[in-house]
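**Q** Sharing a structure below in structure tokens format, with a few things to ask.
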Amino acid sequence: MPEDTTKVFGITYLIRNHHPDAKQRYYIGTKQLLKRVKRKPLKGKSKNRISFVDNDVEKYWGSSKRLLTDIEKYGIGYFSREVIELCYSKFHCKYAELQWQIKCNALIDERFYNNMLNVRLGVIPKDYVDIERNPDTLKL
Numbered sequence: 028m029p030e031d032t033t034k035v036f037g038i039t040y041l042i043r044n045h046h047p048d049a050k051q052r053y054y055i056g057t058k059q060l061l062k063r064v065k066r067k068p069l070k071g072k073s074k075n076r077i078s079f080v081d082n083d084v085e086k087y088w089g090s091s092k093r094l095l096t097d098i099e100k101y102g103i104g105y106f107s108r109e110v111i112e113l114c115y116s117k118f119h120c121k122y123a124e125l126q127w128q129i130k131c132n133a134l135i136d137e138r139f140y141n142n143m144l145n146v147r148l149g150v151i152p153k154d155y156v157d158i159e160r161n162p163d164t165l166k167l
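Using my numbering, read the sequence shown as starting at 28 and increasing by one per residue.
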């Protein structure tokens, strides 16, 4: 993780299984650095209070049941995690995870714990700069 994460919304990460008796396996995922928490409104007010709290990224090891089963079986010491992309919006996180999973063929390759793709991107935000969509950078 980088030291300064003030503008970072989340990370796309890669988890590796290094156990000598197991197949070399990987997992690609994404995690937000802060989670949104709704609290009851103050007395006499009607709007919920919203705050952002730390999302315990350091303790998070993915959502794949197969991955979590192997972590329990072999021990956390045989797994490593690395950040492969810093993301600056929710859209960027989801899109980066999708791109990395497709680049690595993670859904089909048996070396990956990823076995489903569940990404809801929505509309591309106006402030998100996508090189493929910027006509000034296209090389025809």
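No residue lacks a Cβ here, since even glycine has one placed at the ideal position from N, Cα and C.
Is it buried or exposed for K166, if we count other Cβ within 10 angstroms and need 16 for buried?
**A** Model confidence at K166 stands at a pLDDT of 42, short of 50, so the residue's coordinates are unreliable; what they give is reported in the following sentence. With fewer than 16 Cβ atoms within 10 Å of its Cβ, K166 is classed as exposed.
**Q** Consider the Cβ of K62: report whether some Cβ of chain B lies at a distance smaller than 9 Å.
**A** No chain B appears in the structure shown, which is made up of a single protein chain.
**Q** Note down the Cα distance separating F118 from K153, rounded to an integer number of angstroms.
**A** Approximately 11 Å between the Cα atoms of the pair.
**Q** If you draw a straight line from the C-alpha of E99 to the C-alpha of S78, how long is it?
**A** Roughly 33 Å separates the two Cα atoms.
**Q** Alpha carbon to alpha carbon, how far is F36 from G89?
**A** If you take the alpha carbons of F36 and G89, they lie about 17 Å apart.
**Q** Name the residue from V80, R108, I55 whose alpha carbon lies nearest to the alpha carbon of D136.
**A** When only C-alpha atoms are compared, the closest one is I55.
**Q** Where does Q51 land, buried or exposed, given buried means 16+ other C-beta within 10 angstroms?
**A** Exposed.
**Q** Given 8 Å as the limit, is there contact between the region 36–49 and the region 98–112, that is, 3 or more CB pairs closer than that?
**A** As far as the Cβ criterion goes, the region 36–49 touches the region 98–112, which means the pair count is three or higher.
**Q** For Y54, which residues does DSSP report across the bridge?
**A** Partner(s): I42.
**Q** Looking only at its chain, what residues have a beta carbon closer than 6 Å to the beta carbon of V146, apart from the 5 residues adjacent to it on each side?
**A** Excluding sequence neighbours, V146 sits near K121, L125.
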